[in-house]
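K.L.:
Sharing a structure, written as structure tokens. Questions coming.
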Amino acid sequence: MDNKAAVLQGLIDMANKRIEQINSGEKPPLTPDENAKYHAEFVVDLDIIDEPMIADPDVHNEDVSKRYTHDTIRELSFYKGKNTLTLGL
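Okay, so the sequence shown: first residue is 1389 according to the working numbering, each after it adds one.
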């Protein structure tokens, strides 16, 4: 699944290095800030949404390393009512 530039292997190598740093105590794992807010509340006004968009995995990307890591944003009308979609907010 990797590409010619070996992006996937590079990511694996970085992850393995970071795991070694954590396990050895060389560099501790990240911890949340005491005063950080990691969520937000908001209201979605469905009356002003003209056409919802959906993010799909780009499964037909020529670069196989991007097929499930990059999304393509499409209007719901792209599917012409033929596909079942699972929507999440």
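Note that the Cβ used here is the ideal one computed from N, Cα and C, for glycine as well. Bear in mind that the values here come from a model prediction, so they are computed numbers and not experimental data.
What does the alpha-carbon distance come out to for the pair VAL1431 and TYR1456?
P.N.:
30 Å
K.L.:
I'd like to know if the stretch 1411-1425 and the stretch 1439-1446 are in contact, where contact means that at least 3 CB-CB pairs between them fall below 8 Å.
P.N.:
no
K.L.:
Count the C-beta pairs between the stretch 1391-1408 and the stretch 1447-1465 that are closer than 8 Å, then say yes if the count reaches three, no if not.
P.N.:
Touching, yes, given that three or more Cβ pairs across the two stretches are closer than 8 Å.
K.L.:
Going along the chain, which residues of its own chain have a beta-carbon closer than 6 Å to the beta-carbon of LYS1415, five neighbours each way excluded?
P.N.:
GLN1409
K.L.:
Once the 5 residues before and after MET1389 are set aside, which same chain residues still bring their CB inside 7 Å of it?
P.N.:
LEU1396, VAL1452 and SER1453
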